[in-house]
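Take a look at the structure set out below.
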Amino acid sequence: MNNAKVVFLKKKNKKNKKVFLYILMGSFVAFILLNFGKILLVQNFNPVGYLEWKVFEDGVRTEGFLFKNEVPVYAEANGKVELLLTWKKVRKGDIIAKIKDNASQKIIPVKAKVNGIFVPNTDGLEFIGPDNIETINPGKILELYQPRKVEEDAVEGQPLGKIIDNLNPILLVIPELSLNYNLLEGREYRLTLNEKYNLKANFLRKNGEMALFSVNFYPDELLNQRRVTVFIKTKEYSGFWVPVSAVKQIAGKTYLYTLKNEEVVLTPVKVVLRRENNVLVEGEKVSKDELIGKKYLIRPFLVQPGDKFH
């Protein structure tokens, strides 16, 4: 009888060991599956981006007119005109055009009266220049502005074009500028004209609703421009442009989840600008150069600092 009890206990112990072994193996498999599942979730639900430096500009968008010292060139007879030195630098006395007189059939030369660049068009504003611009009603500028190209047939007394002084500053006039920004007289501002030409200009003054800027250095292409679109840059923001979802608040501080050697790192940042679903941030302790091109998590999900991310 005692021998039977011993055999029964041995069988029971063996059964318990098997159950314990199965539980241990099951727990190990579950642990592996859970970790593998977490890795899959982390990899699939954490898109990665690269930090890129962006610059945003705030300012005033408006329209303006460019004025130079301009001398109209008039036809001295009726007849067919031949323009010779268009868009060329000319000196006083150079022959810039020829007219075949309808009456005498003679060729009449048209000479430059001043030095400058001969431009073969007019717009009705040639009489306005830096010396008298402030005596002109701003509304009059819009009223008189009528661009016109030179025709083949010249009419005596009518303009064939104009000679523009290309050595002195251009005056930018904005007829109606409602200043929500405090522009300072004498300060240099960065302007963009026609969304193409980036220039520096000195703000001279504001006379009523008319604002005046002096442009000292400019490309020759602007000599053919009168009416232009203007962007006056008053403020510049720069930083890393990221989705709002990438920025996390932890214990009152702002962080990005960045990757260093494929390991998740909390990088402290400060928000410079918010626009809709994005923010502009810069490193609070890490320099711009260290962060440019660095990987970051666009929507951090189930990750902690120190996690490996492959």
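Going letter by letter, the sequence shown gives residues 1 to 310 in the UniProt record's numbering.
Where is the CB? At the ideal position from N, CA and C, for every residue including glycine.
The structure displayed is predicted, hence computed values, not measured ones.
Nearest-angstrom Cα distance between V173 and K54?
31 Å
For L160 and V73, which I take to be in contact (beta-carbon distance under 8 Å), what is that distance rounded to the nearest angstrom?
5 Å
Buried or exposed (CB count within 10 angstroms, at least 16 for buried), A103:
exposed
Under 8 Å between C-beta atoms of G306 and V247
no
What did DSSP end up calling V244 once you bin it into helix, strand or coil?
helix
Residue span of the beta strand (DSSP E) that contains L222, given as start and end
Unbroken run through L222: none, as it is neither H nor E.
Could you check the C-alpha separation between V71 and N182 for me, to the nearest Å?
36 Å
Can you tell me the Cα-Cα spacing of R190 and I232, whole angstroms?
6 Å
Have a look at the DSSP bridge pairing and note the partners of L199.
L191
Where do the N-terminal and C-terminal ends of the beta strand (DSSP E) with K288 fall, by residue?
Not the beta strand (DSSP E): K288 falls in the alpha helix (DSSP H), residues K288 to L291.
Status (buried if at least 16 other CB within 10 Å, exposed otherwise) for K162:
buried
Cβ-based neighbour list, K152, same chain, cut-off 7 Å, excluding 5 preceding and 5 following:
The question names Lys, but residue 152 in the sequence shown is Glu. Once the five neighbours on either side are set aside, the close Cβ partners of E152 are K80 and V81.
Determine the DSSP secondary structure at K140, reduced to helix, strand or coil.
helix
Leaving aside the five residues before and after L259 along the sequence, list all residues of the same chain whose C-beta is less than 6 Å from its C-beta, in chain order.
K295 and F309
Touch check for the segment 206 to 218 and the segment 233 to 241: three-plus C-beta pairs under 8 Å?
no
Can you give the Cα-Cα distance for N78 and D101, rounded to whole angstroms?
6 Å
Use the C-beta contact count for Y145: other C-beta atoms within 10 angstroms, 16 or more gives buried, fewer gives exposed.
exposed
Close beta carbons around Y255, own chain, < 7 Å, minus the five adjacent residues each side:
K248, L266, T267, P268 and V269
What are the boundary residues of the beta strand (DSSP E) that L259 is part of?
K253 to K260
What's the C-alpha gap between L273 and Y50?
19 Å
Neighbourhood of K98 by C-beta distance below 8 Å, restricted to the same chain and skipping five residues each side:
V81, E82, L84, I107, I108, P109 and V110
Euclidean distance between Cα positions of S287 and E195
32 Å
Grab me the residues of V142's own chain with a C-beta within less than 7 Å of its C-beta, minus the 5 sequence neighbours each way, in chain order.
The identity of residue 142 in the sequence shown is Leu, whereas the question assumes Val. The residues are P175.
Sequence-distant residues of the same chain with beta carbon closer than 6 Å to R61, five excluded per side
F231
Buried or exposed for L302, going by 16 or more other Cβ atoms inside 10 Å?
exposed
Opposing strand residues paired with A112 [DSSP bridges]:
None; A112 has no bridge partner.
Among residues of its own chain, excluding the 5 on either side of I117, which ones have a beta-carbon nearer than 8 Å to its beta-carbon?
W87, K88, K89, V90, I163, I164, N166, D220 and L223
Exposed unless 16 or more other CB atoms sit within 10 angstroms - verdict on N198:
exposed
DSSP on I298, reduced to helix/strand/coil?
coil
Might you give, ordered along the chain, the residues of its own chain that have their beta carbon closer than 7 Å to the beta carbon of E284, omitting 5 neighbours on each side?
P268, V269 and K270
Contacts around V215, its chain only, beta-carbon distance under 7 Å, and the 5 residues preceding and following it disregarded:
P169, I170, L172, L199 and A201
Go ahead and pull the three-state DSSP assignment for residue 359.
Past the edges of the chain, shown from 1 to 310, lies residue 359, and the structure says nothing about it.
For the beta strand (DSSP E) containing T62, name the first residue and the last one.
W53 to F67
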